[in-house]
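Student:
Protein chains in written order, with the numbering used here: chain A, 2 to 573; chain B, 6 to 267.
1. Where residue 59 of chain B and residue 213 of chain A are concerned, what is the direct C-alpha to C-alpha distance, given to the nearest angstrom?
2. Let me confirm a value: residue 33 of chain A is counted as buried when at least 16 other C-beta atoms fall within 10 Å, else exposed. Which label applies?
3. Would you kindly work out how many angstroms separate the C-alpha atoms of residue 30 of chain B and residue 39 of chain B, rounded to a whole number?
4. Run through the DSSP bridge pairs and tell me what residue 544 of chain A is partnered with.
5. Mind checking who residue 402 of chain A pairs with in its DSSP beta bridge?
6. Since residue 42 of chain A meets chain B, which of its residues come closer than 9 Å, beta carbon to beta carbon?
7. Let me know if residue 477 of chain A comes out buried or exposed under the rule of 16 or more other beta-carbons within 10 Å of its beta-carbon.
8. Note down, in chain order, every chain B residue with its Cβ under 8 Å from the Cβ of residue 215 of chain A.
9. Does the CB of residue 119 of chain A have a neighbour CB from chain B at under 8 Å?
10. Using a 10 Å radius around the Cβ and a threshold of 16 neighbouring Cβ atoms, would you call residue 37 of chain B buried or exposed?
11. Would you please verify whether the beta carbon of residue 182 of chain A is less than 8 Å from any beta carbon of chain B?
12. Could you tell me whether the Cβ atoms of residue 487 of chain A and residue 63 of chain A are closer together than 8 Å?
13. Give the secondary structure of residue 187 of chain A by DSSP, where H, G and I count as helix, E and B as strand, and everything else as coil.
14. Take every Cβ of the stretch 270-277 of chain A, pair it with every Cβ of the stretch 192-201 of chain A, and state whether three or more of those distances are shorter than 8 Å.
15. Using CA coordinates, which residue listed in A:543, A:172, A:164 and A:146 is at the minimum distance from residue 117 of chain B?
16. Sorted by chain position, which residues of the same chain lie with C-beta nearer than 6 Å to residue 499 of chain A's C-beta, five sequence neighbours on each side aside?
17. Beta carbon of residue 452 of chain A, beta carbon of residue 50 of chain A: below 8 Å?
18. Measure from the C-beta of residue 557 of chain A to each C-beta in chain B and report whether the shortest distance is under 8 Å.
19. If you compare alpha carbons, which of A:208, A:560 and A:108 is closest to residue 299 of chain A?
20. I need the straight-line Cα distance from residue 563 of chain A to residue 187 of chain A, nearest angstrom please.
21. Below 6 Å CB to CB, which residues in the same chain sit around residue 102 of chain A once its five sequence neighbours on both sides are set aside?
22. Please tell me whether residue 44 of chain B has its Cβ less than 8 Å away from any Cβ of chain A.
23. How about residue 412 of chain A and residue 329 of chain A: are their beta carbons less than 8 Å apart?
24. Can you say whether residue 392 of chain A is buried or exposed, counting buried as having 16 or more other CB atoms within 10 angstroms of its CB?
25. Throw me the rounded Cβ distance for the residue 504 of chain A and residue 450 of chain A pair, which I believe falls under 8 Å.
26. So, with DSSP's three-state summary, where would you put residue 147 of chain B?
27. For residue 115 of chain A, report the span of its alpha helix (DSSP H) as first-last.
28. Counting Cβ pairs closer than 8 Å, one from the stretch 391-410 of chain A and one from the stretch 463-470 of chain A, do we hit at least three?
29. Does residue 142 of chain A come out as helix, strand or coil in the three-state DSSP assignment?
30. Run down chain A in chain order and give the residues with a C-beta less than 9 Å from the C-beta of residue 63 of chain B.
31. Given that a residue counts as buried once 16 or more other Cβ atoms are within 10 Å of its Cβ, and exposed if not, what is residue 121 of chain B?
32. Which term fits residue 303 of chain A, buried or exposed, when burial requires 16 or more other beta carbons within 10 angstroms of its beta carbon?
33. Does the structure place the stretch 42-49 of chain A close enough to the stretch 91-101 of chain A that three or more beta carbon pairs sit under 8 Å?
34. Whose C-beta lies closer than 6 Å to the C-beta of residue 92 of chain A among residues of the same chain, with five residues either side of it excluded?
35. Would you check if there are 3 or more beta carbon pairs closer than 8 Å linking the stretch 46-61 of chain B to the stretch 11-27 of chain B?
36. Among residues of its own chain, excluding the 5 on either side of residue 89 of chain A, which ones have a beta-carbon nearer than 7 Å to its beta-carbon?
Okay, structure coming up:
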């Protein structure tokens, strides 16, 4: 750290450090967090479309009695089943939230850029390379294990899947460090942690949980990689070479409770940010919402609940049951706090003087794409955590039933719905244009209704003793297709699930249609078209390099824009 | 010296690590076990101890991260630059090394599966990226003037970069061409050699005639090449090595040269 020259005045000199970025060369060298975030979001949306299409085929396949017709064998079915699950978590939900956070969080905390922008840029490219490697290797015969034994070339393809998954996890970890450090270290003057906007806070919590747990998944991958390459040399060997779903079992905890909740923590942040905007008043229970998001994060730490540490009966351990029982509480509390904000009269009991900062109000606000999405996503998350609660009630014995799949689908599509709501809400800051409302409503209703049908069908089937596929193949002695107590009803519910999957895929298509429509539109967008209350709405749409033409002033509350509006609803 | 973020995370980390030791001793840990992470004695209840210590170590790692990389601390940045006001724009200039680094890590991962040479190539590129990234980071903070910083960086690195890049391009070209020549027939290798020669001549003429090349075209070409290398690696992994059919040596009387197998 050497000073070789006397620095000129910071503002004028540093303005040249962030030139306007255009063209491919600049896209490859950018350090602008908005551009980096857009790459994450596009990757996540592409993943959403692909994953939902795979989901449609899987659920249609489930609707008939033999689960391997379309795929040409149980092993191929297993590969796409695994791709759908891990894909939804690692290639859809996580990148969507990381992308939103990369664009929005620095502006929300009043920073000029994300922390470690070069690392953030490297992370998104590493993600794309890892995602591409994973998908190509699975399609080419790899995947997370092979039920019928691993042969020569297949072993390489499986190893490539493991390597690709590892790259994706490393990229998410790097991005998490950037996001978390931005919230911790780059907050503007006066913004203590209690004044951080709820979305930024939820991303800090989520990034912390990911940093704590994803390295465990990485370690699992390294262990099974060595086992795959080295063969069964130790008593702890997974027996991968002989043919089993051992690799899936080792990292299956990523798509099960409590870890699955970690990918939905930002759902509460999106709800907590959008609810006050819809209500046109401050969040009625901001401090409580902060605490509830933190509690939900704590209850979603899941690296420990896996066979490697706990044995096969890890879901019967006391801590696992406690986590499952209590996870619904912070979600219910967050929804209650949002409802209090929307229905109630503000934190001090009076109408907020900042009510006139623009945007739709009342029912119109609730029916906006972001309003529908935030509330729908939160209710889906509540349903997911309640299903998770049912799973840990031991007398019901739902631990190896389709209830597990129900929890996963409800939670992950709740996260996807929240991310889509966020994309619509922050579209003026992400891409400098608003997204079409009618197509957005259609997409949101499709995704939420589809998730209800998909998750609901599996939830009901769980009570009909339908085994979850991942558990069916876990032990060689278990039958691949168990006889449920009511086969006809189960198949009918599977058809309902398939309809849900089709609706979700249509929703994903509608998102792409809306984006294509928005790309063709032109025209100025207001700086704050929806009446946002946080710092990102003080800058232009799209924001300039460096985000703010002038540094944000001292922040004295969690809703700085309301602080600048006087009792007559005018800018102070 | 110590930022707020460092104090926050380090405090949490220390509290959790202390809690882990306390928890270890109160749940059956003995001797120096909870203090030495099980090296000298038992640590007590594994799950709680691991969770607490894991959280603590993570928090302390984040704390060290924050104090080492002070560019995430606007107050420290302003202090370092000797200015009163916290900079409104990012100091971090554009750089293609993150993208190169991502491809290098990707190459390493694929090389781990495919071939040691690929892995080592990725590792070497990672090393180059690390040095370049460090130099960029140093130059960004050298003065308050981005142009002066850029000139300073180029003055240090250009004498190393340009010869090294030239050597790498020549080596890569020779290696790639030799592989192609070995994989094709006799006539095919003559054609390939001719095409490659014309390409080299053409590119050289293009460079000689145009003093400035569009950066986007250059970036697109490099990106395509990088993607092609990765895709080639994945395809090679998935398809496996081609079958070799060595010439069979028929049994022949000792001392008799049949002429077969050569």
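For each residue, glycine too, the CB sits at the ideal point set by N, CA and C. A quick note: this is a predicted structure, and the numbers were derived from the prediction, not measured.
Tutor: Judging by the given coordinates:
1. 8 Å
2. buried
3. 7 Å
4. According to DSSP, which records beta bridges pairwise, residue 544 of chain A is partnered with nothing at all.
5. A:468
6. By Cβ distance, chain B contributes nothing, its closest Cβ being about 18 Å from residue 42 of chain A, past 9 Å.
7. Bear in mind that a pLDDT of 40 at residue 477 of chain A, under 50, signals an unreliable position, so the model cannot answer this.
8. What residue 215 of chain A touches in chain B: nothing, since even the nearest Cβ is about 11 Å away.
9. yes
10. exposed
11. yes
12. no
13. coil
14. yes
15. A:164
16. 60, 61 and 64
17. no
18. no
19. A:208
20. 22 Å
21. 180 and 204
22. no
23. no
24. buried
25. 6 Å
26. coil
27. Element bounds for residue 115 of chain A: n/a, residue is neither H nor E.
28. yes
29. coil
30. 209, 212, 213 and 216
31. exposed
32. buried
33. yes
34. 48 and 132
35. yes
36. 52 and 413
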